[in-house]
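Number of protein chains: 2
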Amino acid sequence: MPRYKLTIEYDGSGFVGWQRQNNGPSVQAVVEHGLAHLYREDITVFAAGRTDAGVHATGQVIHFDAPGTLPADKVRDALNYHMKPQPVAVLAAELVDDEFHARFSAIGRSYLFRISNRKAPPTMDQRRVWWVAQKLDAEAMHAGAQFLIGHHDFTTFRATECQAKSPMKTLDRLDVVRVGEEIHIITAARSFLHHQVRNMVGTLKLVGMGSWKPEDVKRALEAKSRAAGGATCPPIGLYLTGVRY
Amino acid sequence: MPRYKLTIEYDGSGFVGWQRQNNGPSVQAVVEHGLAHLYREDITVFAAGRTDAGVHATGQVIHFDAPGTLPADKVRDALNYHMKPQPVAVLAAELVDDEFHARFSAIGRSYLFRISNRKAPPTMDQRRVWWVAQKLDAEAMHAGAQFLIGHHDFTTFRATECQAKSPMKTLDRLDVVRVGEEIHIITAARSFLHHQVRNMVGTLKLVGMGSWKPEDVKRALEAKSRAAGGATCPPIGLYLTGVRY
Chain A
1 MPRYKLTIEY
11 DGSGFVGWQR
21 QNNGPSVQAV
31 VEHGLAHLYR
41 EDITVFAAGR
51 TDAGVHATGQ
61 VIHFDAPGTL
71 PADKVRDALN
81 YHMKPQPVAV
91 LAAELVDDEF
101 HARFSAIGRS
111 YLFRISNRKA
121 PPTMDQRRVW
131 WVAQKLDAEA
141 MHAGAQFLIG
151 HHDFTTFRAT
161 ECQAKSPMKT
171 LDRLDVVRVG
181 EEIHIITAAR
191 SFLHHQVRNM
201 VGTLKLVGMG
211 SWKPEDVKRA
221 LEAKSRAAGG
231 ATCPPIGLYL
241 TGVRY
Chain B
1001 MPRYKLTIEY
1011 DGSGFVGWQR
1021 QNNGPSVQAV
1031 VEHGLAHLYR
1041 EDITVFAAGR
1051 TDAGVHATGQ
1061 VIHFDAPGTL
1071 PADKVRDALN
1081 YHMKPQPVAV
1091 LAAELVDDEF
1101 HARFSAIGRS
1111 YLFRISNRKA
1121 PPTMDQRRVW
1131 WVAQKLDAEA
1141 MHAGAQFLIG
1151 HHDFTTFRAT
1161 ECQAKSPMKT
1171 LDRLDVVRVG
1181 EEIHIITAAR
1191 SFLHHQVRNM
1201 VGTLKLVGMG
1211 SWKPEDVKRA
1221 LEAKSRAAGG
1231 ATCPPIGLYL
1241 TGVRY
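For the protein sequence lines, the chains are A and B, in the order given. Numbering-wise (my numbering), the first sequence opens with residue 1 and increments by one. Numbering-wise (my numbering), the second sequence opens with residue 1001 and increments by one.
Given below as structure tokens:
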């Protein structure tokens, strides 16, 4: 059976998350529903990152085994057709060998978090940015962020319900830049703990507001306690932007 | 009575247009409803451009006369509060003298039209871009657009229901640029005929697809007949970006 790797994009606003669940529409269900229409049989898909409710993706990667061989571009276009009008789209499709696994073969994941940082509330991007009206100091946030780069115990930034065996992770990148009226937080690692990005962003916001000094991020990390970090920020500004293999 | 000038932004997706109408929610009604809450009396607002259903704004300008004097920033913040959760926001507010009229004092209007030009359908921006899957040649579109610059009879690009006395207009700018996977059409004039921007965009798309040569735009203009132009493109990619006084 040919295995396909798909790069997909979605607006997570209206979904309970990537994963199929009983309590509402999931991105996985949209994709599997589209594939069922395309191939006339049930197909299970596997994703690199199981994004939470409200989280978006511009570079999620998934794979599935198809019952027949179609050119990859044809799979992309046909699946896009069958997923209409859901806000989920296949950006690229390719045939891969059956060693490839979207989740287990991944060696890097990158995320963007968008904060709308202006007096006026968002309009176009109401469910696609986190709105913080108070002016944030992006440079101070960036300085604080650098204390988190490297191999650390990220217990402070880990959801209490996180199921990872170890809180040890290696953070490769955590950049904070101002882009017009937005603050963008760009991060990359082999993998992240549950809510790690949102807990880091919630903590950096304290630095941006001036409530914390950049060095306080180091102290929070070293405390190895969730209580020492800032509040988990909302999911709506988070985008899974890419997966490396 | 103090007169306020407001710069406002809105996502036009869910509205019947700027103007108050009986057939659905309008942006004007949202703003006037917010002002009624703020001042506890009915207030009429006047806009620089009466955008059509589905058309967005990042720089619409409106004015109104207030029954009392509040600092301009306070008006901005309070009105934003009262318009929640509608996708309409006040970006800036200022006190102006009572000679100022949002519509009649305007000496220039600028618009952006966004085309999503990629194989995959839009997700995040489903109702904020016009999707054209076939690759468009932005340079050819730009070359064709330049024939429209200047003072001309724009009958070819004028809606049949347009109520302007004359089809003569002076077009100051019509640039077409590729921005990643999007084509942006940026235009400016003292004023536009009804559907002029959408009719120009629909015509330039024919050039982008290669169905027309850039010079065919000149021929269409000179025909002075709506039938000689391309089809009116959808409103969803259109943004009123600014008004000059």
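Backbone N, C-alpha and C fix where the C-beta goes; we use that ideal spot for every residue, glycine too. If you're wondering where the values come from, they're calculated on a predicted model, not measured in any experiment.
Nearest residue (CA-CA) to residue i, options the options
i         : options                                    : result
A/Arg52   : A/Glu41, A/Pro2, A/Asp11, A/Glu182         : Rather than Arg, the amino acid found at residue 52 of chain A in this sequence is Asp. The residue with the shortest Cα to Cα distance from A/Asp52 is A/Asp11.
B/Pro1214 : B/His1194, B/Pro1122, B/Asp1137, B/Thr1044 : B/Asp1137
A/Met1    : A/Leu95, A/Arg40, A/Leu91                  : A/Leu95
A/Ala133  : A/Lys119, A/Glu139, A/Ala145               : A/Lys119
A/Val88   : A/Trp18, A/Phe46, A/Asp98, A/Met168        : A/Trp18
A/Asp73   : A/Gly24, A/Phe46, A/Lys5                   : A/Lys5
A/Ala227  : A/Arg173, A/Asp98, A/Arg158                : A/Arg158
A/Met141  : A/Ala189, A/Asp65, A/Gln60, A/Gly230       : A/Gly230
A/Val27   : A/Leu38, A/His37, A/Ile185, A/Gly14        : A/Gly14
B/Phe1100 : B/Leu1038, B/His1037, B/Ile1062            : B/Ile1062
B/Arg1003 : B/Asn1022, B/Arg1244, B/Ile1043            : B/Ile1043
A/Ala36   : A/Arg173, A/Asn80, A/Thr58, A/Arg178       : A/Asn80
B/Asp1065 : B/Tyr1039, B/Glu1161, B/Pro1085, B/Gly1049 : B/Tyr1039
A/Trp130  : A/Glu161, A/Glu182, A/Trp212               : A/Glu182
B/Gly1180 : B/Lys1135, B/Lys1205, B/Gly1144, B/Asn1023 : B/Lys1135
B/Leu1193 : B/Arg1020, B/Thr1007, B/Asn1022, B/Arg1050 : B/Arg1050
Exposed unless 16 or more other CB atoms sit within 10 angstroms - verdict on residue i
i         : result
B/Met1083 : buried
B/Asp1125 : buried
B/Pro1235 : buried
B/Ile1107 : exposed
B/Met1200 : buried
A/Val55   : buried
A/Phe104  : exposed
A/Ala47   : buried
A/Thr187  : buried
B/Arg1128 : buried
B/Pro1071 : exposed
A/Thr156  : buried
A/Asn117  : buried
B/Glu1041 : exposed
A/Thr69   : exposed
A/His151  : exposed
B/Gln1060 : buried
A/Pro85   : exposed
B/Gln1163 : exposed
B/Pro1122 : buried
B/Val1197 : buried
A/Thr160  : exposed
B/Glu1009 : buried
A/Arg173  : exposed
A/Gly210  : exposed
Range covered by the beta strand (DSSP E) that runs through residue i
i         : result
B/His1037 : No beta strand (DSSP E) holds B/His1037; the alpha helix (DSSP H) holding it covers 1027-1039.
A/Glu182  : 182-189
B/Met1168 : 1168-1179
A/Arg114  : 108-116
Host alpha helix (DSSP H) of residue i (start-end)
i         : result
B/Met1209 : 1196-1209
B/Tyr1081 : 1072-1083
B/Lys1218 : 1215-1223
A/Gly144  : 138-145
Bridge-paired residues (DSSP) for residue i
i         : result
B/Arg1003 : B/Asp1065, B/Val1096
A/Phe151  : Reading off the sequence, residue 151 of chain A comes out as His, not Phe. Note: A/His151 sits in a beta bridge opposite A/Thr170.
B/Tyr1245 : Bridge partners of B/Tyr1245: none, in fact.
A/Trp131  : A/Ser116
A/Phe15   : In DSSP, A/Phe15 forms no bridge with anything.
A/Gln21   : A/Gly24
B/Ala1057 : B/Tyr1010, B/Leu1240
B/Asp1052 : B/Gly1017
A/Ala102  : For A/Ala102, which the question treats as bridged, DSSP gives no partner whatsoever.
A/Asp90   : Before going further, note that residue 90 of chain A is Val rather than Asp in the sequence given. Answer is A/Ile8, bridged to A/Val90.
B/Ala1047 : B/Ile1062
Supposed contact pair residue j and residue i - C-beta distance, whole angstroms, cut 8 Å
i         : j         : result
A/Arg109  : A/Ala93   : Between A/Ala93 and A/Arg109 the Cβ distance is about 20 Å, and since that is not below 8 Å, they are no contact.
A/Arg31   : A/Pro25   : The residue asked about is misnamed: residue 31 of chain A is Val in this sequence, not Arg. Not quite, the Cβ-Cβ distance comes to about 12 Å (not below 8 Å), so this is no contact.
A/Lys169  : A/Ser191  : 7 Å
A/Lys233  : A/Gly202  : It is Cys, not Lys, that sits at residue 233 of chain A in the sequence shown. That pair is a contact at about 4 Å.
B/Leu1148 : B/Leu1171 : 5 Å
A/Thr58   : A/Tyr245  : Actually they do not touch by this definition, with Cβ atoms about 17 Å apart.
B/Leu1206 : B/Ile1185 : Going by Cβ atoms, the distance from B/Leu1206 to B/Ile1185 rounds to 13 Å, so no, they are not a contact pair.
A/Val176  : A/Ala220  : A/Val176 to A/Ala220, Cβ: 16 Å. No contact.
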